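Q:
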Amino acid sequence: MKYVVVNLKMNVLTKTAIDTYCSALIASYSRARLTGDVQIVVCPSAPHYDTVFARVSKHKWLSLGAQTVFWQTKGAFTGEISPRTLRDSGAEYVLIGHSERRHIGHVSGEEVGKKVRAALDARLTPIVLVGEESPDHDAGRTKKVLTEQLLEAFATVADYELSGCILAYEPVWAVGAGRTPSIDEIAAARIILRKVLLEKYRVDAAREMPILYGGSVSDRNVSEIVKQADLQGVVVGTAALDPACLVRIAYNCV
Ligand code: PGA
Numbered sequence: 002m003k004y005v006v007v008n009l010k011m012n013v014l015t016k017t018a019i020d021t022y023c024s025a026l027i028a029s030y031s032r033a034r035l036t037g038d039v040q041i042v043v044c045p046s047a048p049h050y051d052t053v054f055a056r057v058s059k060h061k062w063l064s065l066g067a068q069t070v071f072w073q074t075k076g077a078f079t080g081e082i083s084p085r086t087l088r089d090s091g092a093e094y095v096l097i098g099h100s101e102r103r104h105i106g107h108v109s110g111e112e113v114g115k116k117v118r119a120a121l122d123a124r125l126t127p128i129v130l131v132g133e134e135s136p137d138h139d140a141g142r143t144k145k146v147l148t149e150q151l152l153e154a155f156a157t158v159a160d161y162e163l164s165g166c167i168l169a170y171e172p173v174w175a176v177g178a179g180r181t182p183s184i185d186e187i188a189a190a191r192i193i194l195r196k197v198l199l200e201k202y203r204v205d206a207a208r209e210m211p212i213l214y215g216g217s218v219s220d221r222n223v224s225e226i227v228k229q230a231d232l233q234g235v236v237v238g239t240a241a242l243d244p245a246c247l248v249r250i251a252y253n254c255v
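Quick note: the sequence shown uses my numbering, first residue 2, plus one each step.
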């Protein structure tokens with residue numbers, strides 16, 4: 002099974018636009034006749050969950066994901082979204098630790114860990130994003146940053162819960178930048194992440210957890226990234242805004 006996670010960010014602004022997007026995606030997908038097993042997870046803006054869920058719930062290959070979640074379930078937390086509300090809206094997945102949330106929303110590594118806990122408790126699959134910034138990359142600190150972020154995010158996750166989690170390597174400097182690390186760098190990051198998991202968890206659990214790549218993925222580079230770096234899928238932003246391109250990405254993934 003491969004995952005194509007679609008991070009729409011704040012780019013599709015109206016109900017009409019998101020509905021048109023879903024229709025075009027479903028039409029392109031049926032034309033493409035994909036043979037492999039791909040799960041496309043669409044993460045829209047929160048007010049569009051109902052519109053997207055009404056579309057995705059009719060297709061096994063399509064799921065609803067959220068772009069963020071709060072770590073408390075209920076209470077005086079103006080502006081936040083409870084994991085239970087996400088589940089009730091039909092979301093199955095939630096992005097946690099995206100670099101834009103870490104930076105714009107000032108979400109700390111410790112909070113990422115609490116959000117992962119809250120998501121699992123609500124039976125949501127956390128898609129945990131980790132990645133180094135440009136200065137850390139240039140100074141050779143990628144391993145240190147990835148290890149720290151991963152251990153913080155999975156601080157309370159037990160062996161038996163790992164099968165309900167997805168991890169994504171998303172170098173901050175590649176997001177929306179039109180440039181990606183080399184395949185060797187992506188493969189090296191995957192090896193670092195898998196090794197940290199193997200040190201913390203039972204071998205079978207650590208081996209099976211999907212690891213994805215995100216950051217300037219396109220229909221042209223996806224095949225090489227997924228196949229040569231031995232990954233279980235991708236997180237896509239800019240290129241997924243065109244539903245036909247998104248389907249080409251899914252097609253080239255398997
Ligand atoms: P991008 O975004 O594909 O535009 O680089 C990816 C992401 O932010 O998850």
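From the three backbone atoms N, C-alpha and C, an ideal C-beta is built for every residue, glycine too.
Remember, predicted model here, so these are calculated numbers, not experimental data.
(1) Should ALA124 go down as buried or exposed, given a rule of 16 or more other Cβ atoms within 10 Å for buried?
(2) Kindly identify the DSSP beta-bridge partner or partners of THR3.
(3) Output needed for VAL197: all residues of its chain with C-beta closer than 8 Å, excluding positions within five of it in sequence on either side, in chain order.
(4) Measuring straight from C-alpha to C-alpha, what distance separates PRO211 and VAL204?
(5) Please state whether DSSP places PRO84 in a helix, a strand or coil.
(6) Sorted by chain position, which residues of the same chain lie with C-beta nearer than 8 Å to VAL114's C-beta, five sequence neighbours on each side aside?
(7) Please determine whether the Cβ atom of VAL237 lies at a distance below 8 Å from any heavy atom of the ligand PGA.
(8) Taking Cβ positions, are ILE226 and VAL235 nearer each other than 9 Å?
(9) Tell me whether the beta-carbon of SER1 lies closer than 9 Å to the beta-carbon of PRO244.
(10) With contact counted as at least three CB pairs below 8 Å, one residue from each stretch, are the region 96-110 and the region 168-187 in contact?
(11) Do you know whose CA, among GLU81, GLU162, ARG56 and GLN68, lies nearest VAL6's CA?
(12) Since I believe ILE250 is in contact with ASP220 (beta carbons under 8 Å), could you give me their beta-carbon distance rounded to a whole number of angstroms?
(13) Go ahead and label LEU65 buried or exposed: buried means 16 or more other beta carbons lie within 10 angstroms of its beta carbon, across all protein chains shown.
(14) I'd like to know whether the C-beta atoms of GLY132 and GLY238 end up nearer to each other than 9 Å.
(15) Given this structure, state the Cα-to-Cα distance separating CYS246 from PRO182, to the nearest angstrom.
(16) Please work out which residues of its chain come closer than 6 Å, Cβ to Cβ, to ALA241, disregarding the five sequence neighbours upstream and downstream, and give them in chain order.
(17) What separation, rounded to the nearest whole angstrom, lies between the Cα atoms of ALA188 and ARG195?
A: According to the data block:
(1) Note that residue 124 is Arg in the sequence shown, not Ala. Exposed, by the Cβ-count rule.
(2) According to the sequence as given, residue 3 is Lys; it is not Thr. Looking at the DSSP output, LYS3 sits in a beta bridge with VAL39.
(3) The beta carbon of VAL197 lies closer than 8 Å to those of LEU147, THR148, LEU151 and LEU152 in the same chain, with the five residues before and after it left out.
(4) In this structure, the CA atom of PRO211 is about 14 Å from the CA atom of VAL204.
(5) PRO84: helix per DSSP, three-state reduction.
(6) At residue 114 the sequence reads Gly, which differs from the Val that was named. Excluding sequence neighbours, GLY114 sits near GLU153, ALA154, PHE155, ALA156 and THR157.
(7) Because some heavy atom of the ligand PGA lies under 8 Å away, the Cβ of VAL237 counts as near it: yes.
(8) With respect to VAL235, ILE226 sits close: the two C-beta atoms are nearer than 9 Å.
(9) In the structure as shown, the chain begins at 2 and stops at 255. Residue 1 is therefore absent and cannot be evaluated.
(10) Judged by Cβ distances under 8 Å, the region 96-110 makes contact with the region 168-187, as three or more pairs qualify.
(11) Ranking GLU81, GLU162, ARG56 and GLN68 by CA distance to the CA of VAL6 puts GLN68 first.
(12) The C-beta separation of ASP220 from ILE250 comes to about 5 Å, placing the pair in contact by the 8 Å criterion.
(13) The residue in question, LEU65, is buried, as its Cβ has 16 or more Cβ neighbours within 10 Å.
(14) Remark: C-beta atoms of GLY132 and GLY238 do not approach each other more closely than 9 Å.
(15) One C-alpha to the other measures close to 21 Å.
(16) In chain order, VAL7 and LEU247 place their CB closer than 6 Å to the CB of ALA241, counting only its own chain and leaving out the 5 sequence neighbours on each side.
(17) Taking the straight line joining both Cα atoms gives about 10 Å.
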